[in-house]
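Have a look at the structure below, then the notes.
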Amino acid sequence: MLRGIPIRWRVLAVLFLVSFVNYALRNVISVAAPTLRTEFGFTTAELGWIIGSFSLSYTLLQVPGGIFGQRYGTRRALGFLTVTWGVLTWLTGFAPGLMAASAAGAMVALVSVRLLLGATQAPIFPVTAGTVEAWFPPGHWALPLAVTSSGLSLGQAALGPIVTALIFHYGWREACYILAPFGVAVGIWWYWYARDLPVQHPAITPEEIAFIDRDRAKVEAAAPGSWLKALLERDVVVLAVSYFCMNYVFFMFSQWLFTYLVESRGFSMLEGGILYALPFISGAVLTVVGGVVCDYLCRRFGARTGCRITAMTGLLLVAVFMLAGAFATSPYVAVAMLSLCFGFVMFTDTPYWVAIAYAAGKDTMSASGVLNLGGNLPSLLAPLIGLMIDRAGWLPTIASGSVFAVIGAGLWLLVRLKSARDAG
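When the letters of the sequence shown are read in order and numbered with our numbering, they come out as residues 512 to 935.
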């Protein structure tokens with residue numbers, strides 16, 4: 512059945528599962544947040560510290576994570592790290608019991624495990640970008656990047672109803688124990704099947720290698736000559752700042768959506784768990800649409816114009832739907848608007864990773880660390896977002912995402928990257 516499928520797409524399928532597991536495991540705490548509040552009496556700000564502790568180590572280790580992936584290769588790096596995610600998810604449920612189940616002890620345990628989980632998940636985006644850059648030809652990067660991003664969205668979409676049901680029937684700790692083995696299994700599968708470079712794979716044909724390597728010399732000749740130069744490239748820095756703005760909205764969904772649905776919009780835990788999935792399903796679909804559109808526009812008009820049109824269109828629509836969701840009087844209309852909002856957040860994601868590959872070439876993993884450093888700095892705002900919710904309420908907090916989306920769109924006008932078509 513798989514005989515006619517090119518090896519690059521089979522590798523991408525396993526990478527999709529790695530992405531799926533990545534987000535499913537990292538955000539268990541976000542869905543469990545209302546339960547943790549009930550059990551330990553955490554305030555919203557304290558929940559923000561627990562959620563945000565992951566983001567602290569994850570963000571600070573983005574650049575080292577990219578260098579780590581470049582140093583050890585995607586096969587070993589992702590294999591080891593994905594297994595580790597499973598182990599740490601198990602510890603998320605187990606560790607609070609070691610601290611006598613007091614609120615202070617539970618918070619210390621959860622923050623400690625979340626810091627470790629963030630550190631081990633930091634290389635995922637840089638290594639994914641480097642894998643796609645190595646396994647697919649220039650001009651065909653957007654769709655595979657979109658497929659991996661859809662894995663993230665689907666992982667979070669599945670998380671809501673599955674984890675809610677597990678918590679409802681068994682408890683939040685048991686939910687961690689049940690999900691943990693999936694990380695171990697997928698990590699072993701990746702190490703068994705994947706290779707760092709196409710030429711190293713025993714099943715690949717010379718024809719597929721030739722297809723993957725076409726036009727690659729043009730891109731690498733225009734790329735920065737060292738990883739340090741790639742980190743200081745103007746386009747890399749501008750893209751990272753714009754990515755910060757886009758991900759301000761992303762992390763509002765990732766970290767706070769379930770709590771918002773239950774506490775602000777009045778949904779029950781079970782109904783909230785089902786509705787929680789809708790924005791992420793929308794994101795999975797529109798991620799792929801964005802990848803197809805971006806690939807087409809890049810081949811038609813060049814990388815600069817193709818990425819710019821896709822990203823700016825998506826971000827401006829994010830601003831519109833974010834405001835519509837924040838001010839909607841019907842909770843179901845709010846969910847619909849916010850689902851479209853997050854869908855266009857993910858529609859916008861792929862152009863950043865395509866652009867960084869064109870800007871950095873063979874140093875894509877290191878430069879991707881800079882991009883994702885910018886993209887994950889907003890996740891450190893979780894304690895401040897929690898404080899804003901407590902002081903100002905949900906409406907202005909949610910609506911603030913529109914401002915960042917518009918700023919992020921405007922920054923794309925400063926991106927100058929060139930592909931062969933742009934240069935010609």
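The beta-carbon is built from N, C-alpha and C at its ideal position, and this holds for glycine as well.
None of these values were measured; they are calculated from a predicted model.
By alpha-carbon positions, which one of V748, T631, V803, L656 ends up nearest to A878? Mapped onto the sequence shown, residue 878 falls at position 367. Nearest C-alpha to A878: V748.
**Q.** For N538, the three-state DSSP class (helix, strand or coil)
**A.** The residue you call residue 538 lines up with position 27 of the sequence shown. Correct three-state label for N538: coil.
Length-filtered (4 minimum) alpha helix (DSSP H) runs lying within the region 653–693: 653–680
On a Cα-Cα basis, can you pick out the residue from A606, F915, H712, P649 that is closest to L827? Translated into the one-based positions of the sequence shown, residue 827 becomes position 316. Out of A606, F915, H712, P649, F915 has the C-alpha closest to the C-alpha of L827.
Between the beta-carbon of M833 and the beta-carbon of C852, is there less than 8 Å?
The residue given as residue 833 occupies position 322 in the sequence shown. The residue given as residue 852 occupies position 341 in the sequence shown. Yes. Within cutoff.
Should H712 go down as buried or exposed, given a rule of 16 or more other Cβ atoms within 10 Å for buried? The residue given as residue 712 occupies position 201 in the sequence shown. Buried.
message = Looking at V829: is its Cβ nearer than 8 Å to the Cβ of L654?
response = Taking the sequence shown and counting its residues from 1, one reaches residue 829 at position 318. Taking the sequence shown and counting its residues from 1, one reaches residue 654 at position 143. No, they are not a contact pair.
_Quick check on A866: does DSSP put it in helix, strand or coil?_
By one-based count along the sequence shown, residue 866 stands at place 355. Three-state DSSP puts A866 in a helix.
Item to check | I540 burial status per 10 Å Cβ neighbour count (16 or more: buried) | outcome: Start at 1 with the first residue of the sequence shown, and residue 540 comes out as number 29. Under this definition I540 is a buried residue.
Check your understanding: Would you report the Cα separation of C809 and L888, rounded to the nearest angstrom?
Key -> Within the sequence shown, residue 809 is the residue found at index 298, counting from 1. Within the sequence shown, residue 888 is the residue found at index 377, counting from 1. Roughly 28 Å separates the two Cα atoms.
* Thinking C-alpha only, which one of A920, M757, G919, G515 is nearest T716? -> Locating residue 716 in the sequence shown gives position 205, where the first residue counts as 1. When each option's Cα is compared against that of T716, the closest is G515.
(message) As a quick exercise: from G912, W923, A588, pick the residue whose alpha carbon is nearest that of Y759.
(response) For the purposes of this step, residue 759 is taken as residue 248 along the sequence shown, with counting starting at 1. When G912, W923, A588 are compared, the shortest CA-CA separation from Y759 is found for G912.
#### Entry: Where the alpha helix (DSSP H) containing P637 begins and where it ends
Along the sequence shown, one-based indexing puts residue 637 at 126. Boundaries of the alpha helix (DSSP H) harbouring P637: 635–646, taken from the DSSP string.
### Task
Give the range of the alpha helix (DSSP H) segment to which T770 is assigned.
Counted from its first residue, the sequence shown places residue 770 at position 259. Where T770 is concerned, the enclosing alpha helix (DSSP H) stretches over 745–774.
Considering only the beta carbon of each residue, do R537 and L628 sit closer than 8 Å?
By 1-based counting over the sequence shown, the position of residue 537 is 26. By 1-based counting over the sequence shown, the position of residue 628 is 117. In this structure, L628 lies closer than 8 Å to R537 by Cβ.
Beta-carbon within less than 8 Å of Y807's beta-carbon, same chain only, minus the 5 sequence neighbours each way: which residues are those? Within the sequence shown, numbered from 1, the residue matching residue 807 stands at position 296. G817.
#### Entry: Beta-carbon proximity of N883 to Q573, cut-off 8 Å
By one-based count along the sequence shown, residue 883 stands at place 372. By one-based count along the sequence shown, residue 573 stands at place 62. Yes, these two residues count as a Cβ contact at 8 Å.
For A630, tell me which candidate among G563, A640, T642, F693 has the shortest Cα-Cα distance. For the purposes of this step, residue 630 is taken as residue 119 along the sequence shown, with counting starting at 1. Nearest to A630 by C-alpha distance, out of G563, A640, T642, F693, is G563.
Within a Cβ cutoff of 6 Å, which residues of the same chain sit near A795, ignoring the five residues on either side of it in sequence? Locating residue 795 in the sequence shown gives position 284, where the first residue counts as 1. Within the same chain, A795 has close Cβ partners S661, S664, L665.
*Is the CB-CB distance between A640 and A868 below 8 Å?*
Position 129 of the sequence shown holds residue 640. Position 357 of the sequence shown holds residue 868. A contact, by the Cβ cut-off of 8 Å.
Go ahead and label V730 buried or exposed: buried means 16 or more other beta carbons lie within 10 angstroms of its beta carbon, across all protein chains shown.
Within the sequence shown, numbered from 1, the residue matching residue 730 stands at position 219. The predicted model places V730 with a pLDDT of 48, which falls under 50 and marks its position as unreliable; any figure quoted below should be read in that light. V730 should be labelled buried.
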